[in-house]
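Participant: Got a structure here, written out as structure tokens. Questions coming.
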Amino acid sequence: MRIRGAVQGVGFRPFVWSLAHGAGLTGWVRNDSDGVLAEIEGDDDAVSSFLSHLQSQAPPLSRIDTIETQEISLKGDAEFQILTSSAGEAARTIMPPDVATCGACLADMFDPANRRHLYAFTNCTHCGPRYTITRALPYDRPQTSMAPFIMCASCQAEYENPADRRFHAQPNACPDCGPQLSMAPSEIVRQLEDGRLLAIKGLGGFHLAADAQNEEAVGQLRNRKARDGKPFAIMVANIESARRLAELSPDEEALLTDPRRPIVVCPARSDAGIAASVSNGLPTIGLMLPYTPLHYLIFHAAMGEPEGIGWLNQAQDFVLVMTSANPGGEPLVITNQEATERLGQIADTIVTHDRDILIRCDDSVVRMIDGAPAYLRRARGYTPEPIPLSRDMPPILAVGALLKNTICVTRGREAFLSQHVGDLDNAATLRFFREAVAHMTGILDVEPELVACDLHPDFLSARYAESLGLPLVPVQHHHAHIAAVAAEHHLDGPHLGLALDGFGLGADGASSWGGEFLKVDGARYDRLGHLAPLHMPGGEAAAREPWRMGAAALHQLGRTSQIAQRFSEIEGSALVQAMLERNVNAPETSSAGRLFDAACGLLGVRPFARFEGDAAMALEALATAPKILPGGWRLTEQGQLDLSPLLGALDGMGAEDGAAHFHGTLAAALADTCEHFIRRHALPARVLAGGGCFQNRVLTEMLAGLLSDRGIDLLRPIKAPVNDGGLSLGQAWVAANTVIELEG
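Start counting the sequence shown at 56; every next residue gets the next number (the working numbering).
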């Protein structure tokens, strides 16, 4: 049997061993470069039963893609064995991601008679850290940060017993031989309840923690971290506690309880009872459940350390802000020394342990949109799980964009996205970026033959790509967004792509794009149309100050003379009016992000953005019932989607009514324009959607519905982020197709 899929490092070989013994079969099983290989001997009924149970009872973290069988001559084996792999074979395996503590380990932890009672590093083959504690393959203990911890006789016996769920669990440990915490969970809880801010070492980095019901503590955390306005994620004990804070759909509950444990952005209850500054006025809340033994021990201590496991399903009032410990937009803090040096001015107390974190990996962030997950940040729990491709690729390194950076490495028919790296705007993050490249290519045993990057020559990722001395494929930003959708959905041939985001360098190397209708076909694309351009008075300043884009909208409407008076309370309004009158320092952009800013500026919503996407998020929050403005748009002969009628109507509307009309009319205009281009160019009845604006649930769901009414499907990334975090996947796809065209 040849078994392919996620079948290594997840307890698959002992599972096969157990099935074979139960069925009275003999033979062997081992890992190799293609997955799992096994030989079984026995009568037909036993073999059939074995194959059936292989599919239906597979380990919880495994994924079987294919099982190929071949009959061979009987070998006459006397027993069933687990064989070891050679070093060369093991080097091609896939490193499993970190996953949450399983139910069996929780039962061990809260059983007073168990030797792992209240032990903060309990794990087994089905749970715990993997990716973040492993420096290189093969995934064996000497290659992990558990190497200094020599297993005691009891742990070693578990590790060597195929019938034990800790068989070959590389982080296996107990209180006698494993890592130790620097502070008791009860003391952690006491300090949090006293309003103190704590830095707590986790799986892929430190968290900064505070009592989410303490307004003063949350405010202090926001001030000390210099986190202006951006919502905080919170952790609750269990799904029962989460239901008290959010209106959860079944899909959202499934995401929250998934072993990957992402942060899930959900509709918040108005009576949640948490500090107002956690979400800062947004109607959503970012929730996650515990995923490490320490997290569970903290909530256990907060409940008074009850006996047994019944408390795990009881709603609890204790709620924690758990935000990434990365001051100043730098990468996550992972070492104890780093924590002292970089978090000492933020946290009152630093909680460490003596198991090293080798790989930085932030929490993943997910939002349910139109019945499917949308990854705002893909990291812990998902990295480095591959995205299957439709065909073999040459070994490619794609280095992503400037913001929300990830890198992508291809190997055969798989694309591996790195964890979220972040914005490449400081030296520390650039070092992390280089670490991610080295680590991903290393654990995958890939020597890239070419490198793909963004078309913008000044992006630090593009400069790094140029420095490698490999054949270079620059890819236009929005082409990459759409190519990522094509890659994930296994689509070839020409398709209509709709890219909506903040900024991407145009094909001419000078213009600013961001609202694009593209005909994409592998390595090639044609720009069929775009949003009618708006000026950006002050250039990049307009992306940080939406009122400037409101002024640009007035200018487009022929109301330039009204700008200084309209924004008289804002210093510099007269200067912005003069810029637009004289067309000085006011470049044009077709950006959908700047269109959102223009609407915010006209409606008085967030004149000054506190973080990227702030204004658009506030506008979406107001759009509870989208409306379509009749005649709110027109499509020019040149393919420009002109929303001037909508902008003119917004000038004078209230914020809520304006937000509703903006979202509804934009969705209707996009749907009509997509249908127009599909019919005009005889393209398939589907739209490939990419770009950060598709994180907007109101816009995306309405657009999907309007297109569906026309018999057109809206496809977006499901396994990769729709924002710039998925851009590297698209770059790799375009680069591979470029090679195919050149060789063809």
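Idealized CB from N, CA, C, for every residue including glycine.
Keep in mind the model is a prediction, meaning the values are calculated, not measured.
With three or more beta-carbon pairs closer than 8 Å as the criterion, would you say the stretch 429-443 touches the stretch 312-326?
Facilitator: Yes, the stretch 429-443 touches the stretch 312-326.
Participant: In the DSSP assignment, the beta strand (DSSP E) including SER445 goes from what residue to what residue?
Facilitator: First-last of the beta strand (DSSP E) with SER445: 442-448.
Participant: Quick one, which of PHE204, SER107, GLU270 and TYR346 has its alpha-carbon nearest ALA155's?
Facilitator: Checked all of PHE204, SER107, GLU270 and TYR346; the closest Cα to ALA155 is TYR346.
Participant: Using CA atoms only, rank isn't needed, just tell me which of GLY183, MET238, GLY747 and ASN227 is closest to ALA456.
Facilitator: Of the candidates GLY183, MET238, GLY747 and ASN227, the one whose C-alpha sits nearest the C-alpha of ALA456 is GLY747.
Participant: State the Cα-Cα distance for the pair ASP166 and PRO230, rounded to the nearest angstrom.
Facilitator: Those two C-alpha atoms are separated by around 14 Å.
Participant: Express the C-alpha separation of SER304 and GLN836 in angstroms, rounding to a whole number.
Facilitator: Outside the shown range of the chain, which is 56 to 799, sits residue 836, and nothing can be said about it.
Participant: Taking C-beta to C-beta, are ILE243 and VAL420 nearer than 8 Å?
Facilitator: It is not a contact, given that the beta carbons lie outside the stated cut-off.
Participant: From TYR430 to GLN750, what does the alpha carbon distance come to, in whole angstroms?
Facilitator: In a straight line, the C-alpha of TYR430 is about 8 Å away from that of GLN750.
Participant: So what does DSSP say about ALA145, is it helix, strand or coil?
Facilitator: Low local confidence applies: a pLDDT of 47 at ALA145 is under 50, so the model's placement there is unreliable, with the coordinate-based value given in what follows. Three-state result, ALA145: helix.
Participant: Would you list, in sequence order, the uninterrupted alpha helix (DSSP H) runs of no fewer than 4 residues that lie entirely inside the stretch 672-714?
Facilitator: If we require 4 residues or more, the alpha helix (DSSP H) runs fully inside the stretch 672-714 come out as 699-705.
Participant: Can you give me the Cβ contacts of GLY656 inside the same chain, cut-off strictly under 6 Å, excluding the 5 residues immediately before and after it?
Facilitator: Contacts found: PRO601, TRP602, MET604 and GLY605.
Participant: Can you tell me whether VAL506 is buried or exposed, with buried defined as 16 or more other CB within 10 angstroms of its CB?
Facilitator: Burial call: buried.
Participant: Taking Cβ positions, are ILE137 and PRO69 nearer each other than 8 Å?
Facilitator: Cβ distance < 8 Å, so ILE137 and PRO69 count as in contact.
Participant: Thinking C-beta only, is GLY694 closer than 8 Å to LEU583?
Facilitator: Yes, the pair counts as a contact, with Cβ atoms nearer than the cut-off.
Participant: In the DSSP assignment, what residue or residues form a beta bridge with PRO322?
Facilitator: Partner(s): THR339.
Participant: Counting C-beta neighbours from all protein chains within 10 Å, is the total for ILE205 16 or more, i.e. buried, or is it exposed?
Facilitator: It is exposed - the Cβ of ILE205 has fewer than 16 other Cβ atoms within 10 Å.
Participant: For LEU770, which residues does DSSP report across the bridge?
Facilitator: DSSP lists LEU743 as partners of LEU770.
Participant: Under 8 Å between the Cβ atoms of ALA264 and LEU375?
Facilitator: In contact: ALA264 and LEU375 (Cβ atoms closer than 8 Å).
Participant: Applying the criterion that 16 or more other CB atoms from any shown protein chain within 10 Å of the CB defines a buried residue, is VAL789 buried or exposed?
Facilitator: Label assigned to VAL789: buried.
Participant: In terms of residue numbering, what span does the alpha helix (DSSP H) encompassing ILE462 cover?
Facilitator: Counting along the chain, ILE462 falls outside any alpha helix (DSSP H), and DSSP gives it neither H nor E.
Participant: Please tell me whether LEU109 and PRO151 are closer than 8 Å, where the distance is taken between their beta carbons.
Facilitator: Not in contact: LEU109 and PRO151 (Cβ atoms no closer than 8 Å).
Participant: With GLN275 as the anchor, note down where its alpha helix (DSSP H) starts and where it stops.
Facilitator: Where GLN275 is concerned, the enclosing alpha helix (DSSP H) stretches over 270-280.
Participant: Can the beta-carbon of LEU252 be found less than 8 Å from the beta-carbon of LEU276?
Facilitator: Yes, the pair counts as a contact, with Cβ atoms nearer than the cut-off.
Participant: So what does DSSP say about CYS655, is it helix, strand or coil?
Facilitator: Helix, per DSSP.
Participant: Looking at C-beta atoms only, is the number of pairs between the stretch 564-583 and the stretch 619-631 that lie closer than 8 Å three or more?
Facilitator: No, the stretch 564-583 does not touch the stretch 619-631.
Participant: Taking the C-alpha atoms as reference points, what is the distance between ASP87 and THR378?
Facilitator: Using only the alpha carbons, I get a separation of about 39 Å.
Participant: Could you say which of ILE733, LEU743 and THR755 lies nearest to GLY719 if we only look at CA atoms?
Facilitator: Of ILE733, LEU743 and THR755, the residue nearest in Cα terms is THR755.
Participant: Which parts of the stretch 165-227 are runs of the beta strand (DSSP E), unbroken and 3 residues or longer, counting only runs that do not cross its ends?
Facilitator: As far as the stretch 165-227 is concerned, it has no whole beta strand (DSSP E) run of at least 3 residues.
Participant: Could you work out which residue in ARG665, GLY60, GLN112 and HIS736 is closest to TRP72 when comparing CA atoms only?
Facilitator: Minimum Cα distance to TRP72 is reached at GLN112.
Participant: Since I believe VAL530 is in contact with LEU510 (beta carbons under 8 Å), could you give me their beta-carbon distance rounded to a whole number of angstroms?
Facilitator: Indeed, because the Cβ distance is near 6 Å, the residues count as touching under 8 Å.
Participant: So, with DSSP's three-state summary, where would you put LEU263?
Facilitator: Three-state DSSP puts LEU263 in a strand.
Participant: Let me confirm a value: LYS130 is counted as buried when at least 16 other C-beta atoms fall within 10 Å, else exposed. Which label applies?
Facilitator: Under this definition LYS130 is an exposed residue.
Participant: Please name the residue, chosen from GLY564, LEU674, PHE222 and ASP447, that lies closest to ALA787 on a Cα-to-Cα basis.
Facilitator: Comparing Cα-Cα distances from ALA787 to each of GLY564, LEU674, PHE222 and ASP447, the minimum goes to ASP447.
Participant: Following the continuous alpha helix (DSSP H) through ASN391, name the residue where it begins and the one where it ends.
Facilitator: Per DSSP, ASN391 belongs to the alpha helix (DSSP H) from 391-398.
Participant: Quick check on PHE552: does DSSP put it in helix, strand or coil?
Facilitator: With the sequence shown as reference, residue 552 is identified as Gly, and Phe is not the correct amino acid for it. The answer is strand: DSSP assigns GLY552 an E or B state.
Participant: Helix, strand or coil for GLN235, going by three-state DSSP, please let me know.
Facilitator: Three-state result, GLN235: coil.
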